[in-house]
Amino acid sequence: MNKFTLRISLAIGALIAAIITALIALNFFSFQQESAELNKSLLKEKNANIQNSMQERFSAFRSMLAGVNITTADIEGDSLSGYAVSQLELLKKIQAGFIEDAFVMNKRGELYNSAGIKMDFNLKDNGDDYYRALFERGETFAVSEPFESAITGKQIIVMTYKLNDNVASLTSIYLDSLLTELVIRDDLFLFTHQGTVLIAPYEDYLGKNIYELRPKYRDFNAQQPEMSYQAEVEGQSIAFTSFWSPVPINNWQFVTFVKNSYINQGANQQLKISLLLGVVSLLIAIGALLLIVQRQVLKPVGGTPEEIEKIMRTMASGDFRIDLVETGKETGIYHSLILLTKELKSLISNSHTLSESVSSASEQLNVIMSQSKDNAQAEFSQMEQISTAINELSSTSQEVSEKATMAEHEARTALDSVQEGQLTLEQNIQLTDSINRSVTDNAVIVDELRQFSIEIDSVTEVINSISEQTNLLALNAAIEAARAGEHGRGFAVVADEVRSLASKTLESTVSIQQIIEKLQSQSNKAQSNMTESVDLIAQSVELADKVKASFENIAHAVDSISEINTLVATASTEQFSVTEDISKNTTMAFDLVQQNVAGVEETLQASNALSKLAEKQKHDLSFFKIS
């Protein structure tokens, strides 16, 4: 974590340092450019001021020269008139300290000083340029090139003004007095249109040709008044930025310049300040960002990305055997990852245990369902036997019902015979044998009915036993279905239906048994009565004389037999109806048992599928390693 924090700190520090450095550089270059532009603007302004100042000076001298009022009439041979002399003396006085003397010249080239004396040389003959400018080129005002005065030895220039077509005023002005303010400048070159240096910050440049000293100055013009260049000064190569301006009156030119180091001096100072502020800002920004990163990044992450990535890669490979010990200092994602690892490890462990339990339970369920299938098959076989027995019982009940009907019919016939016997004794004697046979047959039938009742009782006991076994099997099936859970729900419904049918079957067999007990009781009574009837008939041969007295008893007995036969017929009918219901219920139970067997088979298949799924789950969970 400490290494990660250090890396973050270094990265953030480097980023902030790069940003601050870029800002400082941008600020430096911007300030440097602004400083250069400012210095250039100042130089341009200085040039404009110099231009205006020189323009004003030349204009002032021109006005003074123009103020002289001398004509050709004032020139008297080799001298001037007194008025002309006074005009020149006044001009000289006004320009005292600036000029060497005041003069007047005529078109012939003759020159007169302020004393009115004619000079011993001729300007026209000398070909002086200012003479030619006025009287040959037609200019009004002209300034000569600087030259050394023969009188004072100083550098002077001549300014002339054409008063009229024949006369011009003239003054010789000290150059240094004209350019007093410029002489003290150390950033200016003033030179003539021919390149002669008039003012320079270096004394050895005066009087020399500027174009030889600064060849690049030849490139100055109105379209290119600005220039940067390297120049050799006192053995050192120095970079300069210069501005050129013309002096319109006499075609002079001047160049102001500044060292680039001076231009950059402010920018360099600003750079130092910016660097200092940048370092302070860098430290503050790094501290603030580290605090923010600590709170907003490191604390929420809680660990190094490498550690988190390693843990996640290990978990992705299914290996949960990593032991992440909590120190209490973990935070954010790393802490959540530790908790997630523990929870997943616990969950997978529980899933392993659950998978083992499901696998074991599915195996037990397979065994139980196999047993249930066998039991269901046995139940199916028994239900098939019960169905067959009940069908036979139904058929027998139908026969009993028919026999009972026949017995009732015979009893009624016997009753009719007794009634007829009462009418005729003779017919009774004759019919005694028939009655004896009939009663004997009835006794046999009643005995058979009693035997059938006994057989029905045994069948009902079998049905009762089967119903109890079915109920027990249904109960066991319901228990196993409950153990099977969701997969045994359908089987549980079938088991409930089977148990319900078994209960109904048991109730029906109990009812049948009660009826059969009644039938057996009546059959015993009928058999006893039939035995007595046989005895009475045997005695009737010997007791013919007592027949009339006994007819009432016989009629009563026959009536009782008829009633009994009616009861037997009714009971047989009811028994047939009950056996029909039992047959239907047995058929339904048979169908349910078939469905039960099918359900058990489906449950067994589902159990096998569950077992396979449990094995697959166990195999899948083996991918995860927790110990």
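My numbering numbers the first residue of the sequence shown as 3 and each following residue consecutively. Ideal placement from N, C-alpha and C gives every residue a C-beta, glycine not left out.
If you look at N128, you'll find it in the alpha helix (DSSP H) that goes 125-128.
Within 10 angstroms of the beta-carbon of N555 lie fewer than 16 other beta-carbons, which makes it exposed. Taking the C-beta atoms as reference points, Q97 is found nearer than 9 Å to T173. Per DSSP, the unbroken alpha helix (DSSP H) holding A135 starts and ends at 131-137. Under the DSSP definition of a beta bridge, I77 partners with L82. Assigned with DSSP and collapsed to three states, V160 falls in strand.
Residue environment: A416 is assigned as buried (16 or more neighbouring CB atoms within 10 Å of its CB, all protein chains considered). A contact is defined here as three or more CB-CB pairs under 8 Å, and the stretch 559-579 fails this definition with respect to the stretch 363-371.
Looking at the backbone, the Cα of M385 and that of E401 are separated by about 24 Å. Here the stretch 139-151 does not lie against the stretch 110-125, with fewer than 3 beta-carbon pairs under 8 Å apart. Between the stretch 284-291 and the stretch 246-266 there are fewer than three C-beta pairs closer than 8 Å, too few to call the two in contact. Per the DSSP secondary-structure output, L192 pairs in a beta bridge with I201, F256. Taking 9 Å as the cut-off, the beta carbon of W254 is found no closer than this to the beta carbon of E228. In the structure shown, K210 falls within a coil segment according to DSSP collapsed to helix, strand and coil. Contact check for R452 and Q522: beta-carbon distance about 6 Å, within the 8 Å limit, so the pair qualifies. A distance below 8 Å between beta-carbons, with the five flanking residues on each side excluded, links V595 to the following residues of its chain, in chain order: A378, E381, F382, M385, V500. The secondary-structure analysis by DSSP pairs M107 across a beta bridge with L113, A170. The beta carbon of S535 lies closer than 7 Å to those of V441, A559 in the same chain, with the five residues before and after it left out. F493 sits close to V602, with the two beta carbons spaced by under 9 Å. One alpha carbon belongs to T426, the other to E412, and they sit about 20 Å apart.
Taking 8 Å as the upper bound for CB-CB distance, A104 and K94 are in contact here, some 4 Å apart. In this structure, the beta-carbon distance from N478 to S374 falls below 9 Å. By a beta-carbon distance limit of 8 Å, L67 does not contact D76. Their separation comes to about 16 Å. Within the DSSP secondary-structure output, Y176 pairs in a beta bridge with I158. Judged by their CB atoms, A528 and N438 are not nearer to each other than the 9 Å cut-off. Annotation: the continuous beta strand (DSSP E) that includes V145 extends over 143-145.
Of the candidates A540, I481, I465, the residue whose Cα lies closest to the Cα of A504 is I465. The three-state reading of DSSP puts Q238 in strand, counting E and B together. DSSP places V249 in the strand class (E or B) of the three-state scheme.
Beta bridge pairing from DSSP links T243 with S230, V260. In this structure, the straight-line span from the alpha carbon of E91 to that of S239 is close to 52 Å. Per DSSP, T182 is one residue of the alpha helix (DSSP H) stretching across 182-185. Under the three-state reduction of DSSP output, F149 falls in the strand class. Shown here for P203: same chain residues with a beta carbon closer than 6 Å to its own, the five before and five after excluded, namely D188 in chain order. Annotated as proximal: V257 and R216, with beta-carbon spacing under 9 Å. Around G15, the same chain offers I288 as residues with beta carbons nearer than 7 Å, after the five sequence neighbours per side are excluded.
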